[in-house]
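Notes follow once the structure below has been shown.
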Amino acid sequence: MADWVSGKVTKVEYWTDALFSLYVRAPVHPFTAGQFTKLGLEIDGERVQRAYSYVNAPGNPDLEFYLVTVPEGKLSPRLAALKPGDEVRW
1 MADWVSGKVT KVEYWTDALF SLYVRAPVHP FTAGQFTKLG LEIDGERVQR
51 AYSYVNAPGN PDLEFYLVTV PEGKLSPRLA ALKPGDEVRW
């Protein structure tokens, strides 16, 4: 499996109880509008990833993702609990 690319959470903005934006700064290649990536965390020794689309325009230093928390989900509740300075990978 390929190595992780690490990024730092710069901001988390909650729109509703379940919908939030996650802002991440990471050394990624330029992307095209509408492109997606897989965000992930190491959970109980396992790499857990899900696909999310970039929301921001290409060239913005902070990458923005809209996420919906799935209450019984393995990844989204943990992503929702991240704070600025925490690490996320893809």
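Here the sequence shown is numbered in UniProt numbering, starting from 1 and rising by one per residue.
For every residue, glycine included, the Cβ atom is placed at its ideal position computed from N, Cα and C.
Treat the numbers as computed from the prediction; the structure is a model and nothing was measured.
Asked                                                                                                                                                              : Found
Please list, in chain order, all residues of the same chain as Thr10 whose beta carbon is under 7 Å from its beta carbon, the five residues on each side excluded. : Tyr23, Val24, Arg25, Asp62 and Pro84
Give me the DSSP bridge partner(s) of Arg47.                                                                                                                       : Glu42
Is DSSP giving Leu79 helix, strand or coil here?                                                                                                                   : helix
For Thr37, tell me which candidate among Leu75, Arg89 and Ala51 has the shortest Cα-Cα distance.                                                                   : Ala51
In the DSSP assignment, the beta strand (DSSP E) including Glu64 goes from what residue to what residue?                                                           : Leu63 to Val68
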